[in-house]
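Here is the structure we will look at, set down as structure tokens.
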Amino acid sequence: MSPIHLFTPGPTHIPERILKAMSIQELHHRTSQFRTVFQETAELLRSVTNAPTAPLFLSCSGSGAMEAVVANSVGRESTLGYLDAGKFGERWGDIAKAKSLNAIALKLEWGESPSIDAVRDFLTANPSITHFAMQYCETSTTVLHDVPAIAEMMRGEFPGVLVLIDAISAATTLEMPLDSMHWDAVVFASQKAFMLPPGFSMVHLSERFWAAAEKISPGTMYFDLTLERKSQAKGDAAWTPVTTLLLGLKEALTIFQEEGWKNVYQRHAACRERCFEWFEKLGIQPVNADHGSPSVTGGCFTDGKVDAEQLRGSLAKEYGFRIAGGQDHWKGKVLRFGHMGIIAPEDLDRCFAALQKLLLKAN
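The opening position of the sequence shown corresponds to residue 1 in this note's numbering, with each subsequent residue numbered one higher.
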């Protein structure tokens with residue numbers, strides 16, 4: 001296997017086995033052969049999450065899947081509450097605005113994570129909220145929110161509020177037993193830990209979600225999830241699916257299965273800890289050490305003298321390692337190290353060792 005040089009939080013390194021699996025020629029999507037692959041892959045993913053039902057596959061980015069979830073469950077008389085604690089949390093509000101839906105934000109500073117009490121107080125103060133959406137991992141800040149505990153509180157104290165979760169950069173990096181999570185919609189996407197090119201998403205939906213969907217018109221043809229549900233129950237997508245990425249997803253899940261899911265989760269957690277170790281060595285302050293993600297770790301230099309954008313440009317140019325920077329007002333201040341997929345702590349060591357050389361040279 002060639003050395004890993006891509007340490008961004010999506011897209012991620014694509015193993016050769018997956019590239020080979022996606023290169024199968026002439027697999028038509030309206031054949032029994034493809035239907036078999038479709039259903040086998042859906043069952044593989046369902047078995048990983050212990051979801052009560054099979055996922056729906058959507059040929060779109062994760063943002064498209066987020067929009068589909070909102071369009072099919074949030075009606076004109078509904079109100080979407082959402083956590084705005086980063087670039088992708090903002091997106092829930094952008095979707096609601098584009099569709100002229102009622103929306104109220106629980107707004108936090110970037111890098112913060114809400115307590116259970118903060119969400120409780122927000123929902124209590126806004127009784128019109130019928131849906132609450134949030135990220136499991138806010139990729140832009142690298143913060144992991146305590147979604148399981150928040151959702152459990154909501155099911156007990158706000159049972160009428162549907163829970164919508166973007167788990168795009170959390171999927172497969174930590175255990176996610178959806179049969180006991182109290183989530184009504186959860187979104188995954190291909191270009192993160194699934195180690196695939198962008199353009200393919202998966203959604204798990206509860207019976208409460210479908211009950212809400214029956215009461216409204218989604219106002220969209222392509223993202224009509226009720227139509228997709230009927231088609232995919234027979235092993236077909238309603239519209240032309242991304243056949244190659246489905247083949248790649250099956251291979252990715254097989255790779256993880258061979259490693260053992262417990263080992264996969266432990267490896268991702270070990271990568272987070274290795275990042276923290278290097279941060280301490282290099283004088284980098286973690287964004288939020290108490291809420292670090294097993295998929296991506298971010299930090300800034302404590303002396304404030306290092307231009308993060310210039311540094312990561314040099315890292316790519318001189319050593320071939322590509323990491324991510326900060327977004328919006330964090331640009332030039334923050335470095336983000338993606339460590340999902342098949343990345344191991346030893347791979348991160350190579351990247352950080354190169355970064356250390358650049359810092360020594362600069363000083």
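Note that beta-carbon positions come from the ideal geometry of N, C-alpha and C, so glycine has one too.
Exercise. What does a CB cutoff of less than 7 Å around residue 69 pick up in its chain, not counting 5 residues either side in sequence?
Worked result: Setting aside the 5 residues that flank it on each side, residue 69 is surrounded in the same chain by 164, 185, 187, 203, each with a C-beta closer than 7 Å to its C-beta; the list follows chain order.
Problem set entry | Rounded separation between residue 216 and residue 209 - CA only | A direct Cα-Cα distance of roughly 11 Å separates residue 216 from residue 209.
Problem set entry | For residue 102, three-class secondary structure by DSSP | Assignment of residue 102 by DSSP, reduced to helix, strand and coil, places it in the strand class.
Problem set entry | Secondary structure of residue 15, DSSP reduced to three states | The three-state reading of DSSP puts residue 15 in coil, since its state is none of H, G, I, E or B.
Exercise. Which residues in the same chain as residue 45 place their Cβ atom closer than 6 Å to its Cβ, once the five residues preceding and following it in sequence are excluded?
Worked result: Excluding positions up to five away in sequence, the list reads 55.
Problem set entry | Terminal residues of the beta strand (DSSP E) in which residue 365 lies | Nothing can be reported for residue 365: it is not among the residues displayed for the chain, which extend from 1 to 363.
For this session: Kindly say whether residue 139, judged by its beta-carbon, lies nearer than 7 Å to any beta-carbon of chain C.
Result: Absent from the structure is chain C; it holds one protein chain and no more.
For this session: Would you decide whether residue 28 is buried or exposed? Buried here means 16 or more other CB atoms lie within 10 Å of its CB.
Result: Exposed, because fewer than 16 other Cβ atoms sit within 10 Å of the Cβ of residue 28.
For this session: Less than 8 Å between the CB atoms is what I'm expecting for residue 110 and residue 141, so what's the real figure, rounded?
Result: The beta carbons of residue 110 and residue 141 sit about 5 Å from each other, so the pair counts as a contact at 8 Å.
Exercise. Can you tell me whether DSSP reads residue 297 as helix, strand or coil?
Worked result: Here residue 297 sits in strand by DSSP.
Problem set entry | Contact set for residue 60: own chain, Cβ-Cβ below 6 Å, skip 5 residues either direction | The answer, listed in chain order, is 201.
Exercise. Once you ignore the five residues that flank residue 326 on each side, which residues in its own chain have a CB closer than 6 Å to its CB?
Worked result: Cβ within range, chain order: 333, 334.
Exercise. Contact between the segment 87-95 and the segment 251-268: three or more CB pairs below 8 Å?
Worked result: The segment 87-95 makes no contact with the segment 251-268: fewer than 3 CB pairs, one atom from each, lie closer than 8 Å.
Exercise. Which one of 351, 316, 292, 19 has the shortest CA to CA distance from residue 169?
Worked result: Taking only the C-alpha atoms, the option nearest residue 169 is 292.
Exercise. Is residue 82 helix, strand or coil when you go by DSSP?
Worked result: In the three-state scheme derived from DSSP, where H, G and I count as helix and E and B as strand, residue 82 is classed as strand.
Exercise. Within 10 angstroms of its Cβ, does residue 308 collect 16 or more other Cβ (buried), or is it exposed?
Worked result: Here residue 308 is buried: its Cβ has 16 or more other Cβ atoms, across all protein chains shown, within 10 Å.
Problem set entry | Buried or exposed by the 16-neighbour rule on C-beta atoms within 10 Å, applied to residue 72 | Residue 72 comes out buried.
Exercise. Can you tell which of 279, 281, 206 has its C-alpha closest to the C-alpha of residue 229?
Worked result: It is 206.
Exercise. Fully enclosed by the segment 285-354, which alpha helix (DSSP H) runs are 4 residues long or longer?
Worked result: Those alpha helix (DSSP H) runs which fall completely within the segment 285-354 and span 4+ residues are 308-319.
Exercise. Looking at residue 235 and residue 39, is the spacing between their C-beta atoms short of 7 Å?
Worked result: Yes, these two residues count as a Cβ contact at 7 Å.
For this session: Answer yes or no: do residue 173 and residue 295 have a C-beta to C-beta separation smaller than 7 Å?
Result: Against a cut-off of 7 Å, the Cβ pair of residue 295 and residue 173 comes out as a contact.
Exercise. In chain order, what residues of the same chain lie with their CB nearer than 6 Å to the CB of residue 79, ignoring the 5 residues before and after it?
Worked result: These residues qualify, in order along the chain: 102, 128, 129, 130.
Exercise. Between residue 179 and the rest of its own chain, which residues show a CB-CB distance below 7 Å, the 5 nearest in sequence each way excluded?
Worked result: Cβ within range, chain order: 50, 51, 52.
Exercise. Is residue 60 helix, strand or coil when you go by DSSP?
Worked result: Three-state DSSP puts residue 60 in coil, outside helix and strand.
For this session: Look at the alpha carbon of residue 233 and the alpha carbon of residue 37, and state the distance between them as a whole number of angstroms.
Result: One C-alpha to the other measures close to 13 Å.
For this session: Entirely within the segment 229-266 and at least 4 residues each: give me those alpha helix (DSSP H) ranges in chain order.
Result: Runs found: 243-259.
Exercise. In the segment 101-150, which residue ranges form an unbroken alpha helix (DSSP H) of at least 4 residues, counting only runs that do not cross its ends?
Worked result: List check, alpha helix (DSSP H) in window: 116-125.
Problem set entry | Bridge-paired residues (DSSP) for residue 161 | Beta-bridge pairing links residue 161 to no other residue.
For this session: Check the C-beta distance from residue 83 over to residue 153 and give it rounded, since I have them as a contact under 8 Å.
Result: In this structure residue 83 is not in contact with residue 153, their Cβ atoms being roughly 14 Å apart against a cut-off of 8 Å.
Problem set entry | Residues bridged to residue 186 (per DSSP) | As DSSP reads the structure, residue 186 sits in a beta bridge with 165, 204.
Problem set entry | CB-CB length for residue 403 against residue 132, believed under 8 Å | Examination of residue 403 is not possible in this model, given that the chain is present from 1 through 363 alone.
For this session: Identify, in the order they occur along the chain, each residue of the same chain with its Cβ nearer than 7 Å to the Cβ of residue 347, setting aside the five sequence neighbours on each side.
Result: Taken in chain order, the residues that qualify are 4.
Problem set entry | Spatial distance of residue 408 from residue 227 (CA atoms) | Limits of the chain in this structure are 1 at one end and 363 at the other, which puts residue 408 out of reach.
Exercise. Looking at residue 294 and the ligand MN, is the gap between the Cβ and the nearest heavy atom below 6 Å?
Worked result: Ligands are entirely absent from the displayed structure, and the ligand MN is therefore not among its contents.
Exercise. Does the separation of the CB atoms of residue 13 and residue 6 fall below 7 Å?
Worked result: It is a contact, given that the beta carbons lie within the stated cut-off.
For this session: Closer than 7 Å by C-beta to residue 312: which residues in its own chain qualify, once you throw out the five before and the five after it? Chain order, please.
Result: Cβ-Cβ distances below 7 Å link residue 312 to 323, 325, 335 in the same chain, with the five nearest sequence neighbours on each side left out; the list follows chain order.
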